[in-house]
Amino acid sequence: MTTIVPTSEEDPLLAIVRFTSQLAWADTGPEAAEPQVTRLCREAEESIVAGRWLDLATLMVTSAELVSSKISEKDLECTYTIICSLVKNVSSPEEVLEMVKVIASKVVQQPNDKASLRLKILFNLYNLLDHPSARFQVYMKALELAVNGKVADCIVPSFKKIDSFLKEWNIDMKDQRELFLAIANVLRENKSLAKESLQFATRYLATFSNEDTQVLSEAKEEAVRAVIEFLKAPSIFQCDLLLDMPAVAQLEKEPNTAPVYQLLKIFLTQRLDAYMEFQNANSGFLQTYDDGVCRAC
7 MTTIVPTSEE DPLLAIVRFT SQLAWADTGP EAAEPQVTRL CREAEESIVA
57 GRWLDLATLM VTSAELVSSK ISEKDLECTY TIICSLVKNV SSPEEVLEMV
107 KVIASKVVQQ PNDKASLRLK ILFNLYNLLD HPSARFQVYM KALELAVNGK
157 VADCIVPSFK KIDSFLKEWN IDMKDQRELF LAIANVLREN KSLAKESLQF
207 ATRYLATFSN EDTQVLSEAK EEAVRAVIEF LKAPSIFQCD LLLDMPAVAQ
257 LEKEPNTAPV YQLLKIFLTQ RLDAYMEFQN ANSGFLQTYD DGVCRAC
């Protein structure tokens, strides 16, 4: 297998471009490959001289992903270590954010190829950054990779630090919603973490107030899901806050979601006879969500 061998004569950035482009064009034969490798190296060199670091990052991650399945984890990590170091060459927050988006979006593009390493690469990129917004964007990509690459267990320990992350990132309410929902979805990958996933789903729902209907309606699907998960979880008995949340309360107003809210209300505030009455009137609804819901009685 070809391995990266850094030399003192060549810039590490150009060495990576040469390494990945040679592999990418290896199957076409020397006559076709050499001009392409030369072209890519020339483009990279021109970008370095001109300080066009975003262009260079785009070129490098594109080439790296073309050959990621052909190289060892060690070589892929080395490649991305050098690519990620480019963030230190840009100073404005806007440029940093653009470069982070380019790199992180490529890292998560092939979640089934070396997923654990890709998550490590994202965290290495995170640690290179000083800009809070850029760090947040990388973390969101890590959550995406955790689910799609089935490496959720690798990121779960970081959830204990979410409150300190929130202070550091200083993100707006919209971003907080996306964060809490993404974390809830990561936790849902592990059935033993039902309580924790519901906690973050609840934090997501709590970000909605009695604002305009369009914004509130965004939470409808997740509100139904959270209520059903609560009703089906035998170990979760305290979730009174759900009932009064606008995101959940809106369910009462529509015929197709009203039974969900009604059942939650019965479980939290009423008695067995109310449940039996509900069961007789809504047997089809209960069958939709299987017998697990009947723990509400």
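Quick note on this note's numbering: the sequence shown kicks off at 7 and runs consecutively.
All C-beta atoms in this analysis are idealised placements derived from N, C-alpha and C, irrespective of residue type, glycine included.
Terminal residues of the alpha helix (DSSP H) in which residue i lies
i, result
"M282", "L278 to A287"
"C90", "E79 to C90"
"S111", "P99 to V113"
"V192", "M179 to L193"
"A63", "W59 to V73"
"K76", "It is not in any alpha helix (DSSP H) - K76 carries neither H nor E in the DSSP assignment."
"C47", "P36 to A56"
"D250", "L247 to D250"
"P18", "P18 to A30"
"T208", "A200 to A212"
"E217", "No alpha helix (DSSP H) contains E217, which DSSP labels as neither H nor E."
"E227", "K226 to K238"
"P265", "A264 to T275"
Buried versus exposed call for residue i [16 or more other C-beta atoms within 10 Å across all chains shown]
i, result
"L149", "buried"
"R301", "The predicted model places R301 with a pLDDT of 49, which falls under 50 and marks its position as unreliable, so this point remains unresolved."
"V73", "buried"
"K120", "buried"
"E235", "buried"
"G35", "exposed"
"D81", "buried"
"A133", "At residue 133 the sequence reads Asn, which differs from the Ala that was named. Exposed: under 16 other Cβ atoms inside 10 Å."
"S14", "Note that S14 scores 43 on pLDDT, short of 50, meaning its location in the model is unreliable and no value can be drawn from it."
"E283", "exposed"
"R194", "buried"
"S53", "buried"
"L248", "buried"
"V55", "exposed"
"P12", "For P12, the predicted structure reports a pLDDT of 47, less than 50, and the residue's modelled location is therefore unreliable. The matter cannot be settled from this model."
"T219", "exposed"
"T44", "exposed"
"S203", "buried"
"S75", "exposed"
"S27", "buried"
Close beta carbons around residue i, own chain, < 6 Å, minus the five adjacent residues each side
i, result
"F214", "L222, A225, P252 and A253"
"P117", "L151, N154 and G155"
"R24", "C47"
"I88", "P18 and I22"
"K94", "none"
"T85", "I22 and A70"
"A39", "W31"
"K126", "none"
Whole-Å CB distance - residue i paired with residue j, under 8 Å assumed
i, j, result
"A63", "V108", "5 Å"
"K147", "A110", "4 Å"
"V144", "L131", "5 Å"
"L270", "V233", "5 Å"
"F142", "D181", "7 Å"
"K112", "V67", "4 Å"
"L135", "V102", "7 Å"
Contact set for residue i: own chain, Cβ-Cβ below 8 Å, skip 5 residues either direction
i, result
"P99", "H137, S139 and A140"
"L123", "E79, L82 and E83"
"A264", "L257 and E258"
"C90", "I109, I127, N130, L131 and L134"
"I161", "L125, A148, L149, A152 and V192"
Spatial neighbours of residue i in its chain, beta-carbon cut-off 7 Å, leaving aside the 5 residues before and after
i, result
"S92", "Note that residue 92 is Leu in the sequence shown, not Ser. These residues qualify, in order along the chain: W59, L62, A63 and M105."
"Y210", "R183, F186, L187, A190 and E228"
"A30", "S69, L72 and V73"
"C303", "Summary for C303: the model assigns pLDDT 45, below 50, so the residue's position carries little reliability; its value from the coordinates is reported in the next sentence. The answer, listed in chain order, is L278 and Y281."
"F291", "P265"
"A50", "L19, L20, V23, L62 and L65"
"D165", "Just to set this straight, residue 165 is Phe in the shown sequence, not Asp. Counting only Cβ-Cβ distances below 7 Å, and skipping sequence neighbours, we find I189."
"N176", "P138"
"Q42", "S27 and W31"
"V230", "L257, T263 and V266"
Secondary structure, beta strand (DSSP E): runs of 3+ residues fully inside the stretch 115-168:
none
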